[in-house]
Amino acid sequence: MSQFEKTYIGKGSKVNGLDIIRVSIARETLEGILKSQMVDFEGNEYFVFEVAALKEADTYGKTHTAYISKKVPAPKKKMARK
C-alpha cells in the first residue's frame, strides 16, 4: 500500500472578484524544485503541484496553500509479538 507525502511550497489568496488564486513561492524553493521535483512525461519535464483552500485564513490573510504531492510507499507495520 502507498500513501502521499506533501511538500509545502507556498501560500496564496483569491484575487478579488475573480476565480483566480495568486500563489507566492520563494525563489530558493523554485530552484530546489527544478533540481529535484520535476516529472518526466513523454520526454518533457513538468512541475506538478496542487493548490488547496485552508480551513481559515492565516495571519497574513492567505487562504490557500500550494504543495507537491508525491506517492511514497507506506511504512511497514511491525508484527506484534505474542
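The numbering of the sequence shown is my numbering, which starts it at 1 and goes up by one. Where a beta carbon is used, it is the ideal one built from N, C-alpha and C, also for glycine.
Query	Result
Using a threshold of 8 Å, state whether the C-beta atoms of Gln-3 and Ala-53 are closer than that.	no
Express the C-alpha separation of Lys-77 and Gly-12 in angstroms, rounding to a whole number.	37 Å
Classify Ile-68 as helix, strand or coil using the three-state DSSP reduction.	strand
If I'm right that Gly-10 touches Ala-66 with Cβ under 8 Å, what's the distance once you round it to whole angstroms?	5 Å
Along the chain, where does the alpha helix (DSSP H) containing Thr-59 start, and where does it finish?	Careful: Thr-59 lies outside any alpha helix (DSSP H) and carries neither H nor E.
Assuming Val-72 contacts Glu-5 under a Cβ cut-off of 8 Å, what Cβ separation, rounded to an integer in Å, is found between them?	5 Å
Tell me which same chain residues have a C-beta within less than 6 Å of the C-beta of Glu-45, skipping the five on either side of it?	Met-38
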